[in-house]
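Engineer:
This is the structure we're talking about:
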């Protein structure tokens, strides 16, 4: 059986040594069922130990190994080598500063993530003795899809707004905020909606839908943002009606 | 000079146990400063990969006593019964708390939390969020932790050493992976929550980060590792990758079949009785291994070894999609099999370490100010064999307890002599600097790691025997020697993953040494430790925990009493 080989053209950048990123080619044998991550790990272990990339679970749930493969954002542990021809380009995710090689800077995202208050907001914490909250399967379904995000950043690499407007909170974080707004256990929607209405919030989204197309977990952040826009408008209108009506206490 | 960061408590590890500890501290005494140090961003922690569920009594037909008994029996009577009692009492409270924090538990039609069957559990007591329970628990904890302003995260910081002076632990030396600089992160208590070390073995469900770091850090400071010989082989890992297929597949009604299509757990005596596929993991893994040895294994083209079949077809597409969607995704993506139409080839795969840093029921170790929780620790909940779905709950129950006790501890604890800790970090900085890009005559990291993996697979598999374990002890010592000659290529300070890998390899070697040492000293079969040449349990000589201490002359083996209680050891048969 003749072993198939492919050439991986990998973006390299070491801030200690390089002014700008360069590429390095590795021709390596590949197995038929490999993912792109397997090829990178082969290079790291067998050819060039200086290659830096993040990975851990290799089962598409920890979200570490997002990269651009032939220009498209991919979760590399899920992306089959067999989808590509003899030459495959692997680069860091677009729209992020590069730390080194295929490792990108996540601090900006972490701030946006926190900004949407991704936790249950309640006026009064429930005591454990009160037991679990009732929530019907339908109520769960209202937010479940939006709770499936693994923070892999593919949607930020794909989003045309993120590339033009660095302050845009972005698909994953907005979808997460909306996930909490949709949860029957949460009372934080008024606070989050203020954030959503601000500059960089949901109304910055141009509904290009690129985020939902690249999402490896079918979270559909674009759908979440559209829902959030609508809910925002309705909540704003409702609050206006209440205010005008005067006494509501 | 290294930079110094001062906190009240330092937590190492941002998975289920570490995050729960951080929240517990914040709640116990708001205003305390907490450092959460992790070599990855917390949402990458391996808790994320847990699939099937978390155990806690929730139903009318269940009781705390039944959960406790199931756990004691599952542990093959090596679990400490006071710990188990406390665990089952706290479990429902912890899972309820997580519900209040937003965990999307799957629901019954009436809106109550749904539970499913799991191996070795008498009734349905495993709470679940489809089959991504670890993912949802981890993200719920991480997101909730963000509302506490006193938790300072040190993401992508690799801890190289515990700072210890005069018997007290007061912080850590941490390598900032972004800059390559060492930091002194000080606190009057340190909690280790770094998970297990599954990467010591070649075929494992564990992610790349599971390198036994916390165990090795404690071991080097003289803290005993306990019950290290007990490592869990999960019955159902995918060919090649070892990716986990959850026990919930069997909880939902899946069958295990041999090459003849026979449901061997119902037709042959493997000790699981009418539990069949819902027997405990140690027994099911042995049954699969025996079926393969008897010539009834399934071959998978292009893959090493032989397999059994996990058959879910009779569950139907609707149930598979609603209860086990991740299993379908994983099977299709990583085994090219759609479980709706075909059985999934699986075989036992290294999954979990029952052993770990020896702690008491509060998570305290023998070193002042040092705590441990979760898979890193051995609080003696799981004994010789853990029941599936007890470990996610364990992270919460004992993460919280370690956090609360650390808060009590620091009230009377002096900060110590800062200059002495800083000096330790400076020494670490020199050691790491020397290691980075070091050229020696030996192999590269990946080759030395492979040698370790091979030694541990040969000596500490589903079945062991004295000769193979003794060989593993010698082989690990030889690999340790070759580590000194390991040759490195990457001289960069920024995100040097080769440097991290060589530091992790040192941790894996220490963990492996304790596993092999404890294993060869237990001449009986108990739980997951199945010796071909000592096939029965021997309570008169071996009803004790194993302790391994690090000494300059090599590992020292000791024993520790098991805490019994309501239940006296009896034959473990289902």
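Protein chains in written order, with the numbering used here: chain A, 1000 to 1248; chain B, 36 to 609. The beta-carbon is built from N, C-alpha and C at its ideal position, and this holds for glycine as well.
1. Are any of the Cβ atoms in chain B nearer than 8 Å to that of residue 1130/A?
2. Could you tell me the boundaries of the beta strand (DSSP E) in which residue 1060/A lies?
3. Would you call the segment 441–452 of chain B and the segment 172–188 of chain B touching, i.e. three or more CB-CB distances under 8 Å?
4. Within the 8 Å Cβ cut-off, does residue 234/B reach chain A?
5. Kindly indicate which residue of 50/B, 243/B and 160/B has the alpha-carbon position closest to the one of residue 95/B.
6. Using a Cβ-Cβ cut-off of 8 Å (strictly less than) and excluding sequence neighbours within five positions of residue 590/B, which residues of its own chain qualify?
7. Specify, as a first and last residue, the run of the beta strand (DSSP E) that residue 204/B falls within.
8. Short of 8 Å in beta carbon distance, which residues of its chain neighbour residue 1244/A, apart from the five on each side in sequence? Order them along the chain.
9. Evaluate the contact criterion for the segment 1177–1196 of chain A versus the segment 1120–1130 of chain A: three or more CB pairs, one atom per stretch, below 8 Å.
10. Might you give, ordered along the chain, the residues of its own chain that have their beta carbon closer than 8 Å to the beta carbon of residue 428/B, omitting 5 neighbours on each side?
11. Locate the beta strand (DSSP E) running through residue 406/B, then write down its first and last residues.
12. Work out the CA separation of residue 216/B and residue 545/B for me, nearest whole Å.
13. Using only the alpha-carbon positions, how far apart do residue 1197/A and residue 1179/A sit?
14. Report the option in 259/B, 331/B and 389/B whose CA atom is closest to the CA atom of residue 316/B.
15. From residue 155/B to residue 491/B, what does the alpha carbon distance come to, in whole angstroms?
16. Mapping the DSSP letters down to three states, classify residue 609/B as helix, strand or coil.
17. Does the CB of residue 13/B have a neighbour CB from chain A at under 8 Å?
18. Please name the residue or residues paired with residue 413/B in a DSSP beta bridge.
19. Can you pull the chain A neighbours of residue 244/B, defined as C-beta to C-beta under 8 Å?
20. Which first and last residues belong to the beta strand (DSSP E) in which residue 582/B is found?
21. Along the segment 1003–1031 of chain A, where does the CB come closer than 9 Å to a CB of chain B? Name the residues.
22. Can you tell me which of the three DSSP states residue 217/B falls into?
23. Give a yes or no on whether the minimum CB-CB distance between residue 601/B and chain A is below 8 Å.
24. Looking at chain A, which residues of the segment 104–135 of chain B have a Cβ within less than 7 Å of any of its Cβ atoms?
25. Which word fits residue 1233/A, buried or exposed, when buried means at least 16 other C-beta atoms lie within 10 angstroms of its C-beta?
26. With distance defined between alpha-carbon atoms, name the residue in 395/B, 502/B and 169/B nearest to residue 138/B.
27. Roughly how far, in whole angstroms, is the beta-carbon of residue 1175/A from the beta-carbon of residue 1213/A, given that I think they are within contact range, below 8 Å?
28. Taking C-beta to C-beta, are residue 119/B and residue 103/B nearer than 8 Å?
29. Are the C-beta of residue 1117/A and some C-beta of chain B separated by less than 8 Å?
30. Quick one: does the C-beta of residue 437/B sit closer than 7 Å to a heavy atom of the ligand HEM?
31. Taking just the CA atoms, how far does residue 522/B sit from residue 183/B?
32. Taking the Cβ atom as the reference point for each residue, do residue 258/B and residue 47/B lie within a distance shorter than 8 Å?
33. With a CB to CB cut of under 6 Å and the five nearest residues on each side skipped, what residues in its chain are close to residue 1088/A?
34. So, with DSSP's three-state summary, where would you put residue 39/B?
35. Which same chain residues, not among the five before or five after residue 327/B, have their C-beta less than 6 Å away from its C-beta?
36. Please classify residue 1239/A: does DSSP put it in a helix, a strand, or coil?
Structural biologist: According to the data block:
1. For residue 1130/A, the answer is yes, since a Cβ of chain B falls inside 8 Å of its Cβ.
2. First-last for residue 1060/A: undefined, no H or E at that position.
3. In short, these stretches do not touch, since the Cβ pair count stays below three.
4. Output row for residue 234/B: interface = no.
5. Minimum Cα distance to residue 95/B is reached at 160/B.
6. Here the set comprises 548, 549, 552, 583 and 584.
7. For residue 204/B, the enclosing beta strand (DSSP E) starts and ends at 203–211.
8. Summary for residue 1244/A: the model assigns pLDDT 46, below 50, so the residue's position carries little reliability; its value from the coordinates is reported in the next sentence. Cβ contact annotation for residue 1244/A (same chain, cutoff 8 Å, sequence separation greater than five): none.
9. Because the criterion of three Cβ pairs below 8 Å is met, the segment 1177–1196 of chain A and the segment 1120–1130 of chain A touch.
10. Result list for residue 428/B: 89, 90, 91, 122, 126, 129 and 130, in chain order.
11. Run containing residue 406/B: 405–407, per the beta strand (DSSP E) assignment.
12. So the two alpha carbons sit approximately 25 Å from each other.
13. Roughly 18 Å between the two C-alpha positions.
14. With distances taken between Cα atoms, residue 316/B lies closest to 389/B.
15. Going from the Cα of residue 155/B to the Cα of residue 491/B covers about 27 Å.
16. DSSP, read as helix, strand or coil, puts residue 609/B in coil.
17. Nothing can be reported for residue 13/B: it is not among the residues displayed for chain B, which extend from 36 to 609.
18. For residue 413/B, which the question treats as bridged, DSSP gives the partners 393/B.
19. Against chain A, the beta carbon of residue 244/B has neighbours under 8 Å at 1055, listed in chain order.
20. First-last of the beta strand (DSSP E) with residue 582/B: 579–584.
21. Those would be 1013, 1014, 1015, 1016, 1030 and 1031, in chain order.
22. Residue state, collapsed to three classes: strand.
23. No, because no Cβ of chain A sits closer than 8 Å to the Cβ of residue 601/B.
24. Answer in chain order: 128, 131, 132, 134 and 135.
25. Result: exposed.
26. Cα-wise, what sits closest to residue 138/B is 169/B.
27. With 8 Å as the limit, residue 1175/A and residue 1213/A do not qualify as a contact, their Cβ atoms being about 17 Å apart.
28. Yes. Within cutoff.
29. So yes, residue 1117/A belongs to the interface.
30. Ligands in the displayed structure: none, and consequently the ligand HEM is not present.
31. The straight-line gap from Cα to Cα measures roughly 44 Å.
32. No. Outside cutoff.
33. Excluding sequence positions up to five before and after residue 1088/A, its CB lies within less than 6 Å of the CB of 1008 and 1069, all in the same chain and listed in chain order.
34. In the structure shown, residue 39/B sits in a strand (DSSP, three-state: E or B).
35. Closer than 6 Å at the Cβ level, and outside the excluded window around residue 327/B, lie 341.
36. DSSP places residue 1239/A in helix when its eight states are reduced to three.
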